[in-house]
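Asks: Chains Z and R supply the protein sequences, listed in that same order.
Following my numbering, the numbering of the first sequence begins with 2 at its first residue and continues without gaps.
Following my numbering, the numbering of the second sequence begins with 2 at its first residue and continues without gaps.
Glycine residues also receive a C-beta, built at the ideal position from the N, C-alpha and C atoms.
Okay, handing you the structure first.
Protein chains: 2
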Amino acid sequence: MLTGQMMDWPLLVSAILEHGAGTFGDRPITTRSVEGPVVSQTIARTAVRARRLANVLRVLGVERADRVATLAWNTHRHVELYYAISGAGAVCHTMNPRLHPSQFAYILNHAEDGVLFTDLTFLKLIAAVAPQLEHLRHVVVLTDPAHMPDPSELGELRAQVHCYEALLAAESDRYVWPDLDERAACALCYTSGTTGHPKGVLYSHRSTVLHAMGFSLPGAVPLAESDVILPVVPQFHVLAWGIPYAAVMNGAGMALPGPGLDGASLTALMNQTGTSVAAGVPTVWHGLMAHWQQTGERVPSLERIVIGGSAAPRAMLQGFEETYGIRAIHAWGMTETSPLGTVSTLKPSLAGVDAETRYAKLQKQGRPVFGVELRLAGGDGAALPHDGKAVGELMVRGPWIAAGYFKQPGSPLQDGWFPTGDVAHIDPDRYMAIVDRTKDLIKSGGEWISSIDVENLAMAHPQVAMAAVIGVPDDKWGERPVLYVVPSVERDADPDTLRAFLAENLARWQVPDRIVLVDALPLGATGKVKKSALREQWAAGHHATG
Amino acid sequence: MLTGQMMDWPLLVSAILEHGAGTFGDRPITTRSVEGPVVSQTIARTAVRARRLANVLRVLGVERADRVATLAWNTHRHVELYYAISGAGAVCHTMNPRLHPSQFAYILNHAEDGVLFTDLTFLKLIAAVAPQLEHLRHVVVLTDPAHMPDPSELGELRAQVHCYEALLAAESDRYVWPDLDERAACALCYTSGTTGHPKGVLYSHRSTVLHAMGFSLPGAVPLAESDVILPVVPQFHVLAWGIPYAAVMNGAGMALPGPGLDGASLTALMNQTGTSVAAGVPTVWHGLMAHWQQTGERVPSLERIVIGGSAAPRAMLQGFEETYGIRAIHAWGMTETSPLGTVSTLKPSLAGVDAETRYAKLQKQGRPVFGVELRLAGGDGAALPHDGKAVGELMVRGPWIAAGYFKQPGSPLQDGWFPTGDVAHIDPDRYMAIVDRTKDLIKSGGEWISSIDVENLAMAHPQVAMAAVIGVPDDKWGERPVLYVVPSVERDADPDTLRAFLAENLARWQVPDRIVLVDALPLGATGKVKKSALREQWAAGHHATG
């Protein structure tokens with residue numbers, strides 16, 4: 002091989018921080034803190050504190066490759082942890098506080114975390130599992146001395162308890178980031194699988210830096226120095242979709258909501274910081290739009306909203322754009338894809354199309370970001386055409402796609418491609434649309450029914466706030482769809498009306514025979530509807546149906 | 002080391018092409034062809050032809066790592082060559098047709114090019130050195146059978162002569178790009194050094210892909226799918242600054258001017274293609290603005306102009322912005338930096354400053370792109386502060402910075418940093434400003450005079466179209482500056498008037514005692530003023546001075 006004669010400059014997380022601090026040092030990171038007040042610091046200051054924090058990690062005995070857990074909201078301290086832990090060569094392991102305590106303890110033990118950084122909010126959760134934690138030596142509470150809890154609140158913990166700000170104050174801010182291999186692990190996120198134990202996705206410095214660059218490309222989610230981005234998506238969900246890296250890389254300001262995720266708190270923080278971009282799951286935007294409708298409040302600075310995590314209903318895309326003049330950008334990804342896979346932006350050649358065509362296109366999950374390859378696998382594994390019709394399992398490949406799971410033997414890959422578990426089609430313009438999760442697709446009388454299609458249609462009806470469809474066993478048809486509906490605030494929902502509405506737009510055999518009205522849908526730890534819980538409820542025969 | 006569990010997906014030039022073809026397949030590449038007509042093809046079509054071309058290379062006996070030379074204008078065929086040669090694992094070696102024939106032959110022999118692709122324009126140049134070319138086996142003329150020249154026009158060439166379109170037509174467009182190591186060489190550009198033999202910079206796939214991603218970041222030169230970019234900078238100058246990669250990566254359309262680089266041709270092509278961004282050296286923009294002034298022609302679609310290659314005079318930045326409403330973006334780089342190093346965009350915190358402060362900032366070479374680290378080295382090599390005052394040699398580091406030269410022993414690096422040969426300062430906002438080339442700085446009476454400062458000031462006078470300052474030996478002061486001036490079209494230049502004007506803005510000892518009026522300045526092969534030629538002229542005593 003003739004090797005190019007260019008520098009060996011590893012792609013490291015610490016390079017993002019130092020670039021941001023040097024080039025965009027005055028840009029703000031503003032946090033609604035867990036203690037209450039809104040606090041702000043610059044990127045330059047964040048870098049100083051991250052270097053100090055790296056010295057703290059050394060004092061706590063953290064070595065290269067050690068996993069260090071965080072249990073925290075989106076805050077400046079959590080951003081400092083991202084950079085200090087990874088920058089120092091350890092692995093930043095973000096814990097999801099919404100997990101069941103048994104899963105929570107399983108994950109901390111599986112990752113062998115020796116140090117845990119926690120927000121004040123989560124002390125009870127730690128106390129609940131304290132005796133089970135095998136490896137934990139230090140717990141650092143993310144607050145200042147004035148707000149430190151009594152250590153007894155942490156239960157029977159065999160670990161030393163520290164105050165974050167006291168530790169930082171005691172250390173020097175002189176620290177030289179080590180020169181690491183770019184393929185070294187930098188972060189760890191467990192997927193909340195619906196079956197079996199959670200599985201850990203182990204990101205590398207290389208994958209994280211390349212993902213941040215790919216995320217920032219003009220066709221993806223470019224964050225300019227003049228932007229302020231508010232990630233509503235928690236830092237414990239796939240590293241807040243990588244926003245803390247992309248923002249610092251490009252000098253975008255950040256607005257971090259801490260625990261304040263309700264419509265009123267988000268609206269206030271957005272207006273206080275001049276937020277221009279926000280990112281989160283559909284559930285959050287439902288809440289925000291409801292708040293705006295009820296109060297008449299608005300966020301004039303908000304230009305773009307990124308919607309991911311689960312499919313964005315068309316009504317949401319249209320509502321943001323037409324009612325509020327906010328561009329809604331539908332994106333798709335998963336923990337195993339870092340997460341950005343595809344983004345739905347309109348091709349220039351479609352600029353003049355009618356609203357129907359426009360939203361039909363934007364409602365798709367979109368086109369791949371550079372670095373992500375897509376493929377549809379048929380039943381036999383063979384590649385299916387990109388004709389917008391052929392439906393197969395979505396397979397992905399790229400430098401920020403998982404090739405395995407932490408401490409788990411064997412590879413999930415098939416012929417070098419990662420099988421997503423999503424069933425999709427891809428049109429000739431390369432817009433990918435997810436039809437369903439492989440396991441949620443309903444087979445009725447030999448025909449497939451997409452639960453997502455029926456849900457999206459139901460949510461377009463004014464009586465419906467949220468909807469979920471599951472397949473239930475049926476003697477005659479094999480499976481039949483059941484529709485769960487949360488009625489909208491303003492109106493009652495009437496099953497017969499809804500069924501008639503659905504029948505106008507679906508084949509007769511696709512219309513759910515049974516519609517269940519509920520006050521709320523069960524949500525999983527990542528805010529998605531937990532269909533497994535609905536299936537269990539159905540099996541237990543809990544509901545009267547309309 | 003704990004290795005992250007992410008896919009090994011190499012960063013390859015072929016991945017850019019296939020991403021562009023699949024995701025942005027319908028975007029246009031429009032060329033003013035060497036044969037005359039304006040022709041257009043899509044990115045998808047370009048990929049089909051590049052695959053076919055890869056089969057042609059195989060037929061011509063090109064193996065991995067072989068250097069393949071191109072001698073061509075900016076055209077769709079030259080873009081196909083970039084992708085096919087690199088994609089197939091060979092090295093795309095772009096030759097500068099403006100070199101002296103002896104240098105031209107030296108470089109072709111040094112690179113050991115076995116195959117040369119040439120535009121019709123350059124047959125005489127090849128003929129002039131034909132007997133000296135040691136390795137050349139095939140010459141492919143970039144045209145169709147109807148325009149093929151008589152092979153005798155190529156002189157005494159010991160190589161087979163082929164027609165590009167005939168070769169393509171004979172091959173299949175089925176080709177699978179090989180899975181290469183991302184550190185493999187993909188392209189080769191020689192720097193036209195002013196002393197000694199030209200030196201080859203050998204880019205890797207990794208450096209080229211990372212450069213294209215860095216180039217596309219929001220703070221650099223983001224090219225959106227809705228853009229059409231016209232690289233006036235030739236594809237034989239540092240790969241047209243990487244634009245053929247960045248454009249395809251992001252789906253921007255391209256307008257390629259072929260040999261038509263005059264103001265009238267450029268204006269016509271811009272208007273025909275809806276060009277929104279253009280990139281080139283100051284000399285080109287002088288010509289374009291002069292054409293616009295003379296004819297009243299305009300390009301309403303043009304939003305941004307990227308100025309690099311040499312320092313942009315303030316009058317140019319201001320003229321584009323205030324007279325034409327076009328944002329002028331000053332950038333800095335060199336062959337050894339792929340080339341993008343810094344870009345001068347205004348920090349959001351400076352949005353409201355007065356014009357004086359604004360242009361003073363924008364006239365600097367700007368802030369580093371993510372991936373490029375800057376450092377100022379003092380005389381002893383120690384790092385100087387970034388205070389906007391301390392002046393030292395600019396050192397750079399990053400994944401797309403050269404670490405050596407092709408077939409040349411030893412490393413140019415100092416402590417892992419590449420010394421640019423530019424003298425610069427960096428301000429606290431991290432804006433870098435080049436004071437001079439190390440070798441052009443003038444030492445007079447123990448004080449330094451920046452030739453660039455004097456040139457920029459002179460160019461601000463309406464009598465001056467172009468200016469260049471050299472230092473000449475002086476018995477009393479060691480060196481004294483001499484100013485060469487090309488008077489502006491509309492007016493004569495008067496040395497006394499100019500001297501008085503300079504004296505208002507410079508220290509007395511900085512004002513050139515001697516001002517030489519000339520019809521034109523000698524330009525080097527890359528369009529920059531060749532100060533070595535001015536020094537020779539001066540030494541030969543050719544000029545009467547004012």
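S87/Z to S205/Z, Cα distance in whole Å?
Replies: Distance between the alpha carbons of S87/Z and S205/Z: 9 Å.
Asks: Which same chain residues, not among the five before or five after L385/R, have their C-beta less than 6 Å away from its C-beta?
Replies: Result list for L385/R: L377, G379, A391, G393, in chain order.
Asks: Spatial neighbours of S412/R within its chain, please: CB distance less than 6 Å, with the 5 preceding and 5 following residues excluded, ordered by chain position.
Replies: Around S412/R: G405.
Asks: Can you look up R315/Z in the DSSP assignment and give me helix, strand or coil?
Replies: In the structure shown, R315/Z sits in a helix (DSSP, three-state: H, G or I).
Asks: Evaluate contact between the stretch 233-248 of chain Z and the stretch 87-104 of chain Z, counting only Cβ atoms and requiring at least three cross-stretch pairs below 8 Å.
Replies: Short answer: they touch.
Asks: Compute the Euclidean distance between the alpha carbons of M271/R and Q319/R, then round it to the nearest angstrom.
Replies: In a straight line, the C-alpha of M271/R is about 21 Å away from that of Q319/R.
Asks: Looking at E304/R and T268/R, is the spacing between their C-beta atoms short of 7 Å?
Replies: No, Cβ-Cβ distance for T268/R and E304/R is not below 7 Å.
Asks: Which residues in the same chain have their Cβ closer than 7 Å to the Cβ of K531/Z, if we skip the five residues on either side of it in sequence?
Replies: Excluding sequence neighbours, K531/Z sits near P523, L524, G525.
Asks: Alpha carbon to alpha carbon, what distance is there between P314/R and V487/R?
Replies: Rounded to the nearest angstrom, the two C-alpha atoms are 15 Å apart.
Asks: So W401/R and I471/R are supposed to be a Cβ contact under 8 Å. How far apart are they, rounded?
Replies: Wrong, their Cβ atoms sit about 32 Å apart, outside the cutoff.
Asks: With contact counted as at least three CB pairs below 8 Å, one residue from each stretch, are the stretch 64-76 of chain Z and the stretch 45-56 of chain Z in contact?
Replies: Result no; under three Cβ-Cβ pairs closer than 8 Å.
Asks: Taking CB distances under 7 Å as the criterion, tell me whether A425/Z reaches chain R.
Replies: For A425/Z, the answer is no, since every Cβ of chain R falls outside 7 Å of its Cβ.
Asks: Only counting runs of 4 or more residues, tell me where the alpha helix (DSSP H) segments fall wholly within the stretch 487-532 of chain Z, in order along the chain.
Replies: If we require 4 residues or more, the alpha helix (DSSP H) runs fully inside the stretch 487-532 of chain Z come out as 496-506.
Asks: If we cut at 7 Å on Cβ distances, does D27/R have a partner in chain Z?
Replies: Answer yes: the Cβ-Cβ gap between D27/R and chain Z drops below 7 Å somewhere.
Asks: Which residues does DSSP pair with M433/Z in a beta bridge?
Replies: Answer by DSSP bridge pairing, in chain order: G367/Z, I427/Z.
Asks: Going along chain Z, which residues have a C-beta under 8 Å from Y406/R?
Replies: Those within 8 Å of Y406/R in chain Z are Q6.
Asks: Enumerate in chain order the residues of its own chain whose CB-to-CB distance from P11/R is below 6 Å, with the five nearest sequence positions on each side excluded.
Replies: Cβ neighbours of P11/R beyond the five flanking positions: E183.
Asks: Could you check which residue in D27/Z, R328/Z, W178/Z, I244/Z has the C-alpha nearest to that of A85/Z?
Replies: Out of D27/Z, R328/Z, W178/Z, I244/Z, W178/Z has the C-alpha closest to the C-alpha of A85/Z.
Asks: Using the beta-carbon count (16 or more within 10 Å), is R481/R buried or exposed?
Replies: R481/R should be labelled buried.
Asks: Tell me whether D416/Z is buried or exposed, calling it buried when 16 or more other Cβ atoms sit within 10 Å of its Cβ.
Replies: It counts as exposed.
Asks: Under 7 Å between the Cβ atoms of M460/R and L375/R?
Replies: In this structure, L375/R does not lie closer than 7 Å to M460/R by Cβ.
Asks: Give every residue of the same chain whose Cβ lies closer than 8 Å to the Cβ of K444/Z, excluding the five residues on either side of it in the sequence, and list them in chain order.
Replies: Result list for K444/Z: I450, G472, G479, E480, in chain order.
Asks: What residue range does the beta strand (DSSP E) around E394/R cover?
Replies: Here the beta strand (DSSP E) through E394/R covers 393-398.
Asks: Please report whether the beta-carbon of W10/Z lies at a distance below 7 Å from any beta-carbon of chain R.
Replies: Closer than 7 Å to some Cβ of chain R, the Cβ of W10/Z qualifies, so yes.
Asks: M460/Z lies in the alpha helix (DSSP H); which residues open and close that run?
Replies: Note, M460/Z: alpha helix (DSSP H), 452-460.
Asks: Please confirm whether S227/Z has its beta-carbon closer than 7 Å to some beta-carbon of chain R.
Replies: Cβ-Cβ to chain R under 7 Å: yes for S227/Z.
Asks: When the distance is taken between beta carbons, is G243/Z closer than 7 Å to H212/Z?
Replies: Yes.
Asks: Cβ closer than 7 Å: which chain R residues qualify as neighbours of N251/Z?
Replies: The contacting residues are L218, P219, G220.
Asks: Just to confirm the assignment: which complete alpha helix (DSSP H) runs, minimum length 4, are found wholly within the stretch 319-375 of chain Z?
Replies: You should have 356-363.
Asks: Closest by CA to T590/Z, which one among S350/Z, R368/Z, E166/Z?
Replies: With chain Z covering 2 to 547 only, the question about residue 590/Z has no answer from this structure.
Asks: Are at least three pairs of beta-carbons, each pair with one atom in the stretch 123-135 of chain R and one in the stretch 221-231 of chain R, less than 8 Å apart?
Replies: With the cut-off at 8 Å, the stretch 123-135 of chain R and the stretch 221-231 of chain R do not touch.
Asks: For V533/Z, which option in T71/Z, D263/Z, S193/Z, Q409/Z has the closest C-alpha, if you only look at C-alpha atoms?
Replies: For the record, residue 533/Z in the displayed sequence is Ser; it is not Val. The shortest Cα separation from S533/Z among T71/Z, D263/Z, S193/Z, Q409/Z belongs to S193/Z.
Asks: For the alpha helix (DSSP H) that contains G21/Z, what are its first and last residues?
Replies: Its alpha helix (DSSP H) spans residues 14-24.
Asks: What residue range does the beta strand (DSSP E) around S41/Z cover?
Replies: It spans 39-43 - the beta strand (DSSP E) in which S41/Z sits, taken as one unbroken run.
Asks: By Cβ distance, which residues of its chain are closer than 7 Å to V233/R, with the 5 residues on each side in sequence left out?
Replies: These residues qualify, in order along the chain: P258, L262, L267, A279, A280, G281, V285.
Asks: In the DSSP assignment, find the beta strand (DSSP E) that holds R305/Z and state where it starts and stops.
Replies: Here the beta strand (DSSP E) through R305/Z covers 305-308.
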